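Single-structure report; data block below.
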Amino acid sequence: MTVRVALPFLLAAALALPVVARAEGSAVAGKKKAVVCFACHGANGNSTDPQYPRLAGQYPGYIVQALKEYKDGQRKNPIMHGFASQLTEQDREDIAAYFHSLPPVLYNLKGDIQGSGKGL
Ligand code: HEC
Numbered sequence: 199m200t201v202r203v204a205l206p207f208l209l210a211a212a213l214a215l216p217v218v219a220r221a222e223g224s225a226v227a228g229k230k231k232a233v234v235c236f237a238c239h240g241a242n243g244n245s246t247d248p249q250y251p252r253l254a255g256q257y258p259g260y261i262v263q264a265l266k267e268y269k270d271g272q273r274k275n276p277i278m279h280g281f282a283s284q285l286t287e288q289d290r291e292d293i294a295a296y297f298h299s300l301p302p303v304l305y306n307l308k309g310d311i312q313g314s315g316k317g318l
């Protein structure tokens with residue numbers, strides 16, 4: 199009796215969980231929303247200017263969290279505060295999905311290696 203009553207509840211809870219856990223980001227929608235970010239972070243998410251972090255391949259959760267923190271001032275940067283403040287939760291998820299989908303270009307040690315690694 200108890201099992202028969204509890205089962206539908208457990209099923210309903212299990213099915214509802216993913217929806218409650220997190221909004222799903224769309225990389226296609228994110229590509230359009232991220233146009234404003236390209237000037238600094240690069241259209242392929244791999245900025246060549248070291249003052250702008252590379253976002254390509256980054257975990258979506260990291261990007262979403264960073265954008266939230268710039269928006270609420272937990273992470274302080276006047277430039278990013280301005281851009282992050284314009285974004286809704288869905289925008290953050292979509293943009294994060296887009297940058298995550300891009301292939302990352304690894305940093306190299308050009309100019310920083312002494313000795314045997316020279317020329318890398
Ligand atoms: C005018 C240049 C500029 C634009 C445009 C810009 N950013 Fe940034 N972004 C920066 C700078 C500078 C930093 C590093 C700030 C810091 O030191 O925290 C940064 C940092 C970030 C970080 C943190 C990266 C990390 O590795 O911790 C994320 C995520 C980010 N930007 C996303 C975006 C998104 C999404 C957009 C578009 C909505 C955007 N940025 C537009 C300049 C820019």
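To get my numbering, take the position in the sequence shown, counting from 1, and add 198. The beta carbon of each residue, even a glycine, is placed where N, CA and C say it ideally should be. It should be emphasised that the depicted structure is a prediction, and the values quoted were computed from it without experimental measurement.
Please tell me whether, using a cut-off of 6 Å, the distance from the CB of residue i to the nearest non-hydrogen atom of the ligand HEC is below it.
i           : result
residue 227 : no
residue 251 : yes
residue 295 : no
residue 241 : no
residue 262 : no
residue 237 : yes
If distances are taken between C-alpha atoms only, which option among the options comes closest to residue i?
i           : options       : result
residue 269 : 306, 286, 259 : 286
Can you find the residues in the same chain that come closer than 6 Å, C-beta to C-beta, to residue i, ignoring five residues on each side of it along the sequence?
i           : result
residue 303 : 244
residue 226 : none
residue 246 : none
For a quick check, are the C-beta atoms of residue i and residue j less than 7 Å apart?
i           : j           : result
residue 253 : residue 297 : yes
residue 292 : residue 224 : yes
residue 238 : residue 250 : yes
residue 262 : residue 294 : yes
Can you list, in chain order, the residues of its chain with a C-beta nearer than 7 Å to that of residue i? Leave out the 5 residues immediately preceding and following it.
i           : result
residue 283 : 269
Among the residues of its own chain, which have a CB less than 8 Å from the CB of residue i, if the five just before and after it don't count?
i           : result
residue 215 : Note that residue 215 scores a pLDDT of 48, beneath 50, so its modelled location is shaky; the value from the coordinates is reported in the next line. So the list is empty, once near-sequence residues are dropped.
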